[in-house]
Amino acid sequence: MGLLLAARIGAAGFGTSVWTRTREQAHLLAEQGILLKDAQGTAIRRVSVQAAPIEEAPANIDGLIVFNALKQTGLTEPLLRQLDSVLAKNAAIVSFCNGIGHIERIAAAVPGRPQLAAVTTEGALRTGPAEVMHTGTGGIWLGRAPLFEGTSSDYVQMPTEDRIKGMANVVREAGFSIFLSNNMTERILRKLLVNSVINPLTAVLRVRNGELLATEDRLRLMRSLFEETLSILQRSGLPSSEGLWEELLDVCARTARNESSMLQDVRNGRATEIEAINGAVARLAADRGLPAPRNETMAGLIRSLSGE
Ligand code: KPL
Numbered sequence: 479m480g481l482l483l484a485a486r487i488g489a490a491g492f493g494t495s496v497w498t499r500t501r502e503q504a505h506l507l508a509e510q511g512i513l514l515k516d517a518q519g520t521a522i523r524r525v526s527v528q529a530a531p532i533e534e535a536p537a538n539i540d541g542l543i544v545f546n547a548l549k550q551t552g553l554t555e556p557l558l559r560q561l562d563s564v565l566a567k568n569a570a571i572v573s574f575c576n577g578i579g580h581i582e583r584i585a586a587a588v589p590g591r592p593q594l595a596a597v598t599t600e601g602a603l604r605t606g607p608a609e610v611m612h613t614g615t616g617g618i619w620l621g622r623a624p625l626f627e628g629t630s631s632d633y634v635q636m637p638t639e640d641r642i643k644g645m646a647n648v649v650r651e652a653g654f655s656i657f658l659s660n661n662m663t664e665r666i667l668r669k670l671l672v673n674s675v676i677n678p679l680t681a682v683l684r685v686r687n688g689e690l691l692a693t694e695d696r697l698r699l700m701r702s703l704f705e706e707t708l709s710i711l712q713r714s715g716l717p718s719s720e721g722l723w724e725e726l727l728d729v730c731a732r733t734a735r736n737e738s739s740m741l742q743d744v745r746n747g748r749a750t751e752i753e754a755i756n757g758a759v760a761r762l763a764a765d766r767g768l769p770a771p772r773n774e775t776m777a778g779l780i781r782s783l784s785g786e
């Protein structure tokens, strides 16, 4: 998602810099730019961007917008410390949320910075360190960053209306459908519900998203994990349950050929986002005195699979 955003924002004429975790990727991006491909894999264009490894990111740029498309597993302590040392006090951070906890962790490391939350249904597939395929068109929802886990709201500054509109404009001019939302809690929790069911089940059963719909047994597993997660999320700010089971089935059908991000992480021996997904649901339940045996089991199984 980071490469897709950078390519489209850069192509729209905004000064764009990509901060990478490795020096090799930064070199490649600075030399070749980002190759943007359509859903069929056909090259659309190559977009020039500036690039630097995060430890060499230029410091204190006034009015900077940082789009954080990292998974939570990438938000390591050294990276968060580095962010604190380079970001000017007025730099705004827009975090693309998968699961919950991004905003809280950034708020603890870079307190007082303006933060926004984003949720996207755009599809992006990185096909190389400087290549990205835009696999599916969706939307980007942007709004006030809600806090779910014990962080004081003093640690997050709300950007002004004008600044939010300015940020939304950048994303819109980059060609994305953007929706300003007053209820990011609902957006984030609806996505959490979907990910809490599809991600661990596909990773444990080693199936593509669509294969979850293939047998009665799998549907029963989905339904019981869905029911437990729904009742916890409804006590955590999810306003309505209407249509959510259908939405879950629809995501499985629309992404039928995808391997979920968690299945890919497990296959490739990478850290998974389990703590931000089922681990987070279990923590929300514990805070509210609710049982969460299915989410705890899923979290435990994924930890065993990935050796965490
Ligand atoms: O977000 C996803 C993920 O894999 O993390 C879904 C929606 C399940 C699509 O694969």
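Position 209 (the sequence shown) corresponds to 687 in this note's numbering; numbering is contiguous. Glycine residues also receive a C-beta, built at the ideal position from the N, C-alpha and C atoms.
If you draw a straight line from the alpha carbon of residue i to that of residue j, how long is it in whole angstroms?
i      : j      : result
Leu658 : Thr605 : 30 Å
Ser718 : Leu670 : 14 Å
Pro556 : Lys549 : 15 Å
Ile584 : Ala484 : 21 Å
Ala577 : Ile752 : According to the sequence as given, residue 577 is Gly; it is not Ala. Rounded to the nearest angstrom, the two C-alpha atoms are 9 Å apart.
Ser702 : Asn660 : 31 Å
Arg696 : Gly614 : 26 Å
Ile642 : Phe545 : 13 Å
Ile656 : Ala570 : 18 Å
Trp723 : Gly767 : 25 Å
Arg761 : Arg698 : 24 Å
Arg684 : Asn568 : 44 Å
Ala537 : Ile543 : 13 Å
Leu716 : Leu727 : 19 Å
Leu481 : His505 : 15 Å
Gly757 : Glu725 : 22 Å
Asp640 : Arg650 : 15 Å
Glu737 : Val744 : 11 Å
Cys575 : Glu694 : 31 Å
Glu802 : Ala547 : No information on residue 802 is available, as it lies outside the stretch 479 to 786 that the chain covers here.
Pro771 : Asn746 : 27 Å
So residue i and residue j are supposed to be a Cβ contact under 8 Å. How far apart are they, rounded?
i      : j      : result
Ile539 : Ala595 : Not really, about 22 Å apart at Cβ, beyond 8 Å.
Thr513 : Ala608 : Before going further, note that residue 513 is Leu rather than Thr in the sequence given. Yes, they are in contact, since the Cβ atoms of Leu513 and Ala608 sit about 6 Å apart, within 8 Å.
Ala763 : Pro769 : 7 Å
Val597 : Val672 : Wrong, their Cβ atoms sit about 11 Å apart, outside the cutoff.
Glu600 : Met479 : 7 Å
Ala794 : Ala652 : Only positions 479 to 786 of the chain appear in the structure, and residue 794 is not among them; the question remains open.
Phe492 : Val648 : 6 Å
Arg686 : Arg735 : 6 Å
Ser674 : Ile755 : 5 Å
Leu558 : Ala517 : With 8 Å as the limit, Leu558 and Ala517 do not qualify as a contact, their Cβ atoms being about 34 Å apart.
Lys515 : Ala508 : Not a contact, Cβ separation roughly 20 Å.
Do residue i and residue j have their CB atoms nearer than 8 Å?
i      : j      : result
Met740 : Pro678 : yes
Ala749 : Ser714 : no
Ile676 : Ala623 : no
Gln560 : Glu533 : yes
Val527 : Gly511 : yes
Leu787 : Thr680 : Nothing about residue 787 can be reported from this structure: the residues present for the chain run from 479 to 786 only.
Ser573 : Ala529 : no
Val759 : Ile710 : yes
Met662 : Gly621 : yes
Pro531 : Thr554 : no
DSSP has residue i in a bridge; who is on the other side?
i      : result
Met611 : Lys515 and Leu603
Thr598 : Ile618
Ser714 : Bridge partners of Ser714: none, in fact.
Val675 : Paired residue(s): none; Val675 is not in a bridge.
Ser573 : Asn546 and Ala595
Pro531 : Thr498
Arg524 : Leu513
Gln635 : Pro592
Ser659 : Gly621
For residue i, which of the options has the nearest alpha-carbon?
i      : options                           : result
Val525 : Thr554, Gln503 and Arg486         : Arg486
Pro592 : Leu565, Asn736 and Ile618         : Leu565
Gln712 : Glu664, Arg698, Ile571 and Asp695 : Glu664
Arg501 : Ala535, Pro771, Thr520 and Gly519 : Ala535
Glu705 : Arg735, Gly747, Asn773 and Asp765 : Asn773
Gly628 : Glu720, Asp765 and Gly519         : Asp765
Ile589 : Leu727, Leu726 and Asp562         : The sequence as given places Pro at residue 589; Ile does not occur at that position. With distances taken between Cα atoms, Pro589 lies closest to Asp562.
Arg523 : Ala547, Gly488, Arg732 and His505 : Gly488
Gly721 : Leu708, Arg732 and Glu786         : Leu708
Thr733 : Gly616, Asn746 and Thr693         : Gly616
Gln742 : Pro771, Thr775 and Ile780         : Ile780
Leu625 : Ala731, Ser738, Thr693 and Gly579 : Gly579
Gly541 : Gly519, Pro637 and Thr775         : Pro637
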